[in-house]
Amino acid sequence: MQMRLCFPLSRPLFYVVLLVFESISDHALDFPSLVEMNVSGCARLKKLSMKLESVRNNNGLRAICGEKEWRDGLEWEEIGLYSSLLPYFQVDNNRAF
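Here you go:
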């Protein structure tokens, strides 16, 4: 039996001022109910660790908000993940949580 780690009920997901936070997980995770992700003060967060299928099958995702420098510095293990998430990125350099 294969274990499957996911966040089935995650709605807004916030990562705020986690200066040493580099990745959500060391492997890709499911986020089937993710609606919005807001990232601020996490300059070292380089990997979103999301499963491509989870992103493509999520009809409720509206936005991934964060500073432009953070977005531009993200590292992608799958080019398909980048292209699937790109329409949801919103640059927000002034958001205070």
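With mature numbering (1 follows the signal peptide of the UniProt record, and there is no 0) as the guide, the letters of the sequence shown map in order to residues -28 to -1, 1 to 69. We put the beta carbon where it would ideally sit given N, CA and C, even for glycine.
Those residues which DSSP pairs with residue i across a bridge
i: serine -6; result: Lys19
For residue j and residue i, the rounded distance between their alpha carbons
i: serine 56; j: valine 27; result: 7 angstroms
i: asparagine 29; j: valine -9; result: 30 angstroms
i: methionine 9; j: alanine 15; result: 15 angstroms
i: aspartate -3; j: phenylalanine 61; result: 22 angstroms
i: glutamate 49; j: proline 59; result: 18 angstroms
i: serine 21; j: asparagine 31; result: 19 angstroms
i: glycine 13; j: alanine -1; result: 22 angstroms
i: isoleucine -5; j: leucine 53; result: 15 angstroms
Residue i vs residue j beta-carbon contact at 9 angstroms
i: isoleucine 51; j: valine 11; result: no
i: glutamate -7; j: lysine 23; result: no
i: lysine 44; j: glutamate 25; result: The sequence given here places aspartate at residue 44; lysine does not occur at that position. No; because the gap between Cβ atoms is not below 9 angstroms, this pair is not in contact.
i: leucine 33; j: leucine 6; result: yes
i: glycine 41; j: aspartate 64; result: With the sequence shown as reference, residue 41 is identified as glutamate, and glycine is not the correct amino acid for it. For glutamate 41 and aspartate 64, no; Cβs fall outside 9 angstroms.
Check: residue i C-beta below 8 angstroms from any heavy atom of the ligand ZN
i: alanine 35; result: This structure lacks the ligand ZN, and indeed carries no ligand of any kind.
Ranges of the beta strand (DSSP E) found wholly within the region 22 to 53, counting only runs of at least 3: 35 to 38
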